[in-house]
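Student: Note that the protein sequences, when read in sequence, are chains W and C.
Positions 1 to 234 (full-length UniProt numbering) are the ones given, in order, by the first sequence.
Positions 1 to 212 (full-length UniProt numbering) are the ones given, in order, by the second sequence.
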Amino acid sequence: MKKVYGSADEALEGLLHDGMFIAAGGFGLCGIPELLIDAVVKSGVKDLTIASNNCGVDGFGLGKLLDTRQIRKMISSYVGENAEFMRQYLSGELELEFNPQGTLAERMRAGGSGIPGFYTKTGVGTVIAEGKEVKNFDGQDYILERGIVADLSIVKAWKADDTGNLVFRKTARNFNPPAAMCGKICVAEVEEIVPRGSLDPDLIHLPGIYVHRIIQGQHEKRIEQRTTRKKETV
Amino acid sequence: MPQAAKGWDRNQMAARAAQELEDGMYVNLGIGIPTLVANYVGDKDITLQSENGMLGMGPFPYEGEEDPDLINAGKQTITELSRTSYFDSATSFGMIRGGKIAAAILGAMEVSEEGDLANWMIPGKLVKGMGGAMDLVAGVGRVIVVMDHTNKAGESKVLKACTLPLTGKAVVDRIITNLGVLDVVPGGLKIVELADGVSEDELRASTEATIV
Numbered sequence: 001m002k003k004v005y006g007s008a009d010e011a012l013e014g015l016l017h018d019g020m021f022i023a024a025g026g027f028g029l030c031g032i033p034e035l036l037i038d039a040v041v042k043s044g045v046k047d048l049t050i051a052s053n054n055c056g057v058d059g060f061g062l063g064k065l066l067d068t069r070q071i072r073k074m075i076s077s078y079v080g081e082n083a084e085f086m087r088q089y090l091s092g093e094l095e096l097e098f099n100p101q102g103t104l105a106e107r108m109r110a111g112g113s114g115i116p117g118f119y120t121k122t123g124v125g126t127v128i129a130e131g132k133e134v135k136n137f138d139g140q141d142y143i144l145e146r147g148i149v150a151d152l153s154i155v156k157a158w159k160a161d162d163t164g165n166l167v168f169r170k171t172a173r174n175f176n177p178p179a180a181m182c183g184k185i186c187v188a189e190v191e192e193i194v195p196r197g198s199l200d201p202d203l204i205h206l207p208g209i210y211v212h213r214i215i216q217g218q219h220e221k222r223i224e225q226r227t228t229r230k231k232e233t234v
Numbered sequence: 001m002p003q004a005a006k007g008w009d010r011n012q013m014a015a016r017a018a019q020e021l022e023d024g025m026y027v028n029l030g031i032g033i034p035t036l037v038a039n040y041v042g043d044k045d046i047t048l049q050s051e052n053g054m055l056g057m058g059p060f061p062y063e064g065e066e067d068p069d070l071i072n073a074g075k076q077t078i079t080e081l082s083r084t085s086y087f088d089s090a091t092s093f094g095m096i097r098g099g100k101i102a103a104a105i106l107g108a109m110e111v112s113e114e115g116d117l118a119n120w121m122i123p124g125k126l127v128k129g130m131g132g133a134m135d136l137v138a139g140v141g142r143v144i145v146v147m148d149h150t151n152k153a154g155e156s157k158v159l160k161a162c163t164l165p166l167t168g169k170a171v172v173d174r175i176i177t178n179l180g181v182l183d184v185v186p187g188g189l190k191i192v193e194l195a196d197g198v199s200e201d202e203l204r205a206s207t208e209a210t211i212v
C-alpha cells in the first residue's frame, strides 16, 4: 500500500470533516506538524476538537486554526503562550478541557493501545478529579481517566521510510508517538523520506503500523524561547 | 516592613535546596528559583529530567548553537550531555508517575500544613494550565517546595489550608523559604532550620500554619 503522498493537501484528502476529533503531536512549537496544520487551515474544516499539549502561539502552529475560528474545543495541559486563545476562551467561543500533561499523554497511549481507561493518582483531590470515579488500591486513591481515540492524528518526525517507520530527533519526539498511536488514521510529516532498509530496525521509534500516510517537506521550526550562555572567556 | 530582605535570597534558597540532592539522583526542577538549583549541585552526580522527554539535561547553548529540536519543559533552548537519553511524553510521565524520579523541586503560591500544594491557578486571573505539575507532585519520590515565605502583601504563603485550587493534596515533603526549612509532619509543620539572621519567633510570626 502506498503511504507516501506528494503534499499535505493530498495526504489529508478524504480525511477531514466538520466536528471531527484530531490529535496533534508537539510540545510548545517543538516537533509540531506545521505543514499538516497549514493544510487543515486551508481546508476550512471547522468545529474541530483538538487534543494537543499546547495550542501553538499567535499566528503559528495550532494558533493559526484559532485565527480562522476552526477550533471548537481544545484538550491541553498548558495554553499560556497565546493571546488569541485566551480571548476566545474568556468570551466563551472556545471550549477548553485541561488535562495534566502526563494524563493527556497516557490517555493517547492508552487509547491507541486498546485500553479504554486507566487509574492514576495524578489530580486526586483537585478539580481534575471532579466527576471522575475514585478507586482505592492498596490504601491509595486513584481516579479513572479515559483513553483517547481520535478520528485523525497529525504528527511530525525527523525521518521516515516509505513503510511509515518513524525516527524522531531529540526532544521533538515528545507527544508525537502517543498522538500517532491514538488516531484511527495517522498522517506524518517528516524532514526526509529515506529508502526502505536504510533505517536501523533496532532504532525505529514508532513502527509504521501506526502511520498511514507520509509527506516530506520543509519546516520552519520556530524557537519559542531562545536562551543562550556566553562563551567562557579565558 | 522590609520583609523581602529577610533571610536567604533566591540564590541562597537554591543553594539550600541543592543540599537535598544526593549522588545518583534523577531529579526534576521546576521553573524559577528551582532552575537555579542546578548551579549548586557541585560534584554530585545528578541527572536532570525535563518532562517533555529527556534525561540528562545540559546547560543553555552558546549563541548560534541553538537547536529548535532541543528544548526543556519551559520551552527554552538547552543542550545534551554524554549521558542524555530522549523518549516520548508517555514514557516521560511513566517514569514520573511510576516513582522513578527521586525528587522534584518546585515553586509554589501556597502550601498547607498537610502538604497540600497550590501552584497552577488563581481564580479570576488568566489560567494557563497545570502542565506537568500535577503529575510530578503525585508521582515523584519527594516533593520539595522552594518559595518566598510571604507574598508581596506580606501575607503568609505557609497556611493551615490552601485558598487556591490545588495542584496536589498531601504531596509536599519539605518547604524551603527565605526564612528557613520546614518539614510536613503529622499535626503540622516542623522547623528543620532557620535562615541566616532569622529567629524562630520571626519565622513563626510569618507562618499561618501550625508549627509543632
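We treat Cβ as the ideally placed atom computed from N, Cα and C, and that holds for glycine.
Measure from the alpha carbon of Lys46 of chain W to the alpha carbon of each residue in W:Ile32, W:Gly59, W:Thr68, then state which is nearest.
Tutor: The option with the nearest alpha carbon to Lys46 of chain W is W:Thr68.
Student: Using a C-beta to C-beta distance shorter than 7 Å, which residues of chain W count as neighbours of Gln76 of chain C?
Tutor: Gln225, Thr227, listed in chain order.
Student: I think Lys170 of chain W touches Asp88 of chain C, with their Cβ atoms under 8 Å apart; what is that distance to the nearest whole Å?
Tutor: That pair is no contact at about 12 Å.
Student: Go through the region 166 to 207 of chain C residue by residue and report every complete run of the alpha helix (DSSP H) that reaches 4 residues or more, in order.
Tutor: Here the runs fully enclosed are 200 to 205.
Student: Exposed or buried, which one is Lys157 of chain C when buried takes at least 16 other CB atoms within 10 Å?
Tutor: With 16 or more other Cβ atoms within 10 Å, it is buried.
Student: For Leu55 of chain C, I'd like the list of residues in its chain whose CB is within less than 6 Å of its CB, leaving aside the five on either flank, ordered along the chain.
Tutor: Closer than 6 Å at Cβ, skipping near neighbours: Thr47, Gln49, Ser85.
Student: Quick check on this structure: which residue in C:Thr91, C:Gly131, C:Thr79, C:Val137 has the alpha carbon closest to the alpha carbon of Lys169 of chain C?
Tutor: Considering only alpha carbons, the answer is C:Val137.
Student: Let me confirm a value: Thr167 of chain C is counted as buried when at least 16 other C-beta atoms fall within 10 Å, else exposed. Which label applies?
Tutor: Its Cβ being crowded by 16 or more others within 10 Å, Thr167 of chain C is buried.
Student: For Lys121 of chain W, which residues in chain C fall below 8 Å Cβ to Cβ?
Tutor: The contacting residues are Arg97, Ala138, Gly139.
Student: So with CB distances below 8 Å, who are the chain W contacts of Thr167 of chain C?
Tutor: Those within 8 Å of Thr167 of chain C in chain W are Thr126.
Student: My understanding is that Asp162 of chain W touches Ile209 of chain W, with C-beta atoms under 8 Å, so please give their C-beta distance in whole angstroms.
Tutor: So it is not a contact: roughly 14 Å between Cβ atoms.
Student: Between Leu70 of chain C and chain W, is there a C-beta pair that is closer than 8 Å?
Tutor: Answer yes: the Cβ-Cβ gap between Leu70 of chain C and chain W drops below 8 Å somewhere.
Student: List, from N- to C-terminal side, the alpha helix (DSSP H) runs of 4 residues or more that fit wholly inside the region 174 to 221 of chain W.
Tutor: Those alpha helix (DSSP H) runs which fall completely within the region 174 to 221 of chain W and span 4+ residues are 176 to 181.
Student: Can residue 239 of chain W and Glu34 of chain W be called in contact, C-beta distance under 8 Å?
Tutor: Only positions 1 to 234 of chain W appear in the structure, and residue 239 of chain W is not among them; the question remains open.
Student: In terms of DSSP beta bridges, what is Glu95 of chain W paired with?
Tutor: Paired residues: W:Lys73.
Student: Consider the Cβ of Tyr78 of chain W: report whether some Cβ of chain C lies at a distance smaller than 8 Å.
Tutor: It does; some Cβ of chain C falls within 8 Å.
Student: Would a check of beta-carbon distances place Met109 of chain C closer than 8 Å to chain W?
Tutor: No, because no Cβ of chain W sits closer than 8 Å to the Cβ of Met109 of chain C.
Student: Nearest to Phe118 of chain W by alpha carbon, out of W:Glu133, W:Val127, W:Gly125?
Tutor: Measuring from the Cα of Phe118 of chain W, the nearest candidate turns out to be W:Glu133.
Student: Just mark Ala14 of chain C as buried or exposed, buried being the case when its beta carbon has 16 or more other beta carbons within 10 Å.
Tutor: Buried, since its Cβ has 16 or more Cβ neighbours within 10 Å.
Student: Of all Cβ atoms in chain C, is any one closer than 8 Å to the Cβ of Gly19 of chain W?
Tutor: By this cut-off, Gly19 of chain W is not an interface position.
Student: Can you give me, in chain order, the residues of the region 54 to 66 of chain C that have a beta carbon less than 9 Å from any beta carbon in chain W?
Tutor: Here the close residues are Met54, Pro59, Phe60, Pro61, Tyr62, Glu63, Gly64, Glu65, Glu66.
Student: Check whether the Cβ atoms of Ile71 of chain W and Ala51 of chain W sit closer than 8 Å, and answer yes or no.
Tutor: The answer is no: Cβ separation not under 8 Å.
Student: Which of the three DSSP states, helix, strand or coil, is assigned to Gln3 of chain C?
Tutor: Its pLDDT being 46, under 50, Gln3 of chain C is placed unreliably in this model, and the value from its coordinates should be taken loosely. It is helical.
Student: Would you give the residue range spanned by the alpha helix (DSSP H) that Ser92 of chain C belongs to?
Tutor: It spans 89 to 97 - the alpha helix (DSSP H) in which Ser92 of chain C sits, taken as one unbroken run.
Student: Tell me which residues share the same chain as Leu189 of chain C and place their Cβ nearer than 8 Å to its Cβ, disregarding the 5 neighbours each side in the sequence.
Tutor: Within the same chain, Leu189 of chain C has close Cβ partners Glu113, Val158, Ile175, Leu182, Asp183, Thr207, Ala209, Thr210, Ile211, Val212.
Student: Give every residue of the same chain whose Cβ lies closer than 7 Å to the Cβ of Pro207 of chain W, excluding the five residues on either side of it in the sequence, and list them in chain order.
Tutor: Here the set comprises Asn165.
Student: Which residues share a DSSP beta bridge with Asn136 of chain W?
Tutor: In DSSP, Asn136 of chain W forms a bridge with W:Asp141.
Student: Does Phe27 of chain W come out as helix, strand or coil in the three-state DSSP assignment?
Tutor: Strand.
Student: Beta carbons nearer than 7 Å to chain W: which residues of the region 114 to 134 of chain C have them?
Tutor: Answer set for the region 114 to 134 of chain C: Leu126, Lys128, Gly129, Met130, Gly131, Gly132, Met134.
Student: Which same chain residues, not among the five before or five after Arg229 of chain W, have their C-beta less than 8 Å away from its C-beta?
Tutor: Closer than 8 Å at the Cβ level, and outside the excluded window around Arg229 of chain W, lies no residue.
Student: In chain order, what residues of the same chain lie with their CB nearer than 6 Å to the CB of Ala157 of chain W, ignoring the 5 residues before and after it?
Tutor: Answer for Ala157 of chain W: Leu166, Phe168, Ala188, Val190, listed in chain order.
Student: Please list, in chain order, all residues of the same chain as Ile122 of chain C whose beta carbon is under 8 Å from its beta carbon, the five residues on each side excluded.
Tutor: Counting only Cβ-Cβ distances below 8 Å, and skipping sequence neighbours, we find Met109, Leu164.
Student: Measuring alpha carbon to alpha carbon, tell me which of W:Gln140, W:Phe60, W:Ala180 ends up nearest Asp38 of chain W.
Tutor: The residue with the shortest Cα to Cα distance from Asp38 of chain W is W:Phe60.
Student: Return the chain-ordered list of same chain residues with a C-beta closer than 8 Å to the C-beta of Thr196 of chain W, the five sequence neighbours on each side being excluded.
Tutor: Looking at the sequence shown, residue 196 of chain W is not Thr but Arg. Excluding sequence neighbours, Arg196 of chain W sits near Asp161, Asp162, Thr163.
Student: Evaluate Pro2 of chain C with the Cβ neighbour count: other Cβ atoms within 10 Å of its Cβ, from every protein chain shown; 16 or more gives buried, anything less gives exposed.
Tutor: Here Pro2 of chain C scores only 45 on pLDDT, less than 50, and its place in the model is too uncertain to base an answer on.
Student: Once the 5 residues before and after Val143 of chain C are set aside, which same chain residues still bring their CB inside 6 Å of it?
Tutor: Closer than 6 Å at Cβ, skipping near neighbours: Ala104, Val137, Val171, Val172, Asp173.
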